[in-house]
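Residue 964 is where the sequence shown starts when you use my numbering, and the numbers rise one by one after that.
Here a beta-carbon is modelled for each residue, glycine too, at the ideal position from N, C-alpha and C.
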Amino acid sequence: MLLAGDVTIHAPRKRVWDFLTDPSQVAPCVPGIEKIEVIEPYKTYRGTVSVGLGTVKARFTGVVEILQLDEPDYAKLKAHGMASGSAADAVSEMALSDGPDGATNVHWTADVNVSGQLASLAARLMQPVSQKLAGQFYDAVRQKIETQVGNTV
């Protein structure tokens, strides 16, 4: 399933980039995050996240690998996670560009594939719930960055 979206963050691109590439700042924005650990900075991370699709719940443990970082314009990563009877794989990209009045536009995509028990039990909920969770993530990112900018101006 392909997810995509755009968010405008009222902060300079460098600040947005620094936030989005810092797992200690990004992790609290991820819905359902339980833990994240750095295996190799700017390369590999391991984490645990709980996801609910209606009444079906899953706890995924997995690895995120950074495939490409072109500061401060573009990032690409892939993730692989396993839950009881299910697996999830994703390739995600984000492109940052200058917006009006010093803002930063973030265009993101995620190509997600979920297989196993979770996919069979909650197939019709997968797309809308995944899009909603991605929206919640980027809303939290935007709010945190804009709050930081507001406190430093």
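Same chain only: Cβ atoms within 6 Å of residue i, ignoring 5 sequence neighbours per side
i	result
G1044	F1023, G1025 and A1051
H1070	D969 and A1058
Residues bridged to residue i (per DSSP)
i	result
E997	Bridge partners of E997: none, in fact.
I972	T1067
A967	T1072
Y1109	Reading off the sequence, residue 1109 comes out as Glu, not Tyr. DSSP lists no partner for E1109.
Y1008	V1001 and V1027
Proximity winner among the options, relative to residue i (alpha-carbon distances)
i	options	result
A1046	A1066, T1011, V1075 and T1067	T1011
G1062	L966, M964 and H973	H973
L1117	V1014, Y1008 and G1017	Examination of residue 1117 is not possible in this model, given that the chain is present from 964 through 1116 alone.
A1103	A990, A1086 and L1016	A990
I1002	V1027, N1068, K1020 and A1066	V1027
Own chain, CB closer than 7 Å to residue i, minus 5 neighbours either side, in chain order
i	result
V1116	With a pLDDT of 44 at V1116, under the threshold of 50, the modelled position of this residue cannot be trusted, and the question is left open.
F1128	The first residue shown for the chain is 964 and the last is 1116, placing residue 1128 beyond what the model contains.
Cβ separation of residue i and residue j, assumed to be a contact under 8 Å, to the nearest whole Å
i	j	result
L1096	G1017	Not confirmed; about 13 Å, so no contact.
- Item | Every unbroken beta strand (DSSP E) within the segment 1019-1096, with a cutoff of 3 residues, ordered by chain | 1019-1033, 1037-1046, 1049-1061 and 1067-1079
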